[in-house]
Amino acid sequence: MSISEMNIDLFRMVNNLGKDLTYLNPTIVFVAEYMVFLLALGHSFLVYKKQK
Numbered sequence: 001m002s003i004s005e006m007n008i009d010l011f012r013m014v015n016n017l018g019k020d021l022t023y024l025n026p027t028i029v030f031v032a033e034y035m036v037f038l039l040a041l042g043h044s045f046l047v048y049k050k051q052k
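Quick note: the sequence shown uses full-length UniProt numbering, first residue 1, plus one each step.
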């Protein structure tokens with residue numbers, strides 16, 4: 001099994017979870033929507049903490 005096939009299988013497993021665990025959809029959508037902001041905030045916090 002190549003890495004590409006493993007990647008596709010993993011993607012399909014995660015994608016199928018959306019059908020099985022529908023109650024997680026709002027949480028996952030929130031994380032996907034705001035992750036860039038959370039990462040930027042975390043990065044800023046770490047930079048600020050390191051300067052002190």
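Here a beta-carbon is modelled for each residue, glycine too, at the ideal position from N, C-alpha and C. Here the structure is a predicted model, which is why all the values come from computation and not from measurement.
At the level of alpha carbons, what is the spacing between residue i and residue j?
i          : j          : result
residue 39 : residue 30 : 14 angstroms
residue 16 : residue 4  : 18 angstroms
residue 2  : residue 49 : 42 angstroms
residue 13 : residue 22 : 14 angstroms
residue 27 : residue 51 : 34 angstroms
residue 44 : residue 33 : 19 angstroms
Could you give the C-beta distance for residue i and residue j, rounded to a whole number, given that I count them as a contact under 8 angstroms?
i         : j          : result
residue 7 : residue 18 : Rounded, the Cβ-Cβ distance is 18 angstroms, inconsistent with contact.
Can you tell me whether residue i is helix, strand or coil according to DSSP?
i          : result
residue 2  : coil
residue 21 : coil
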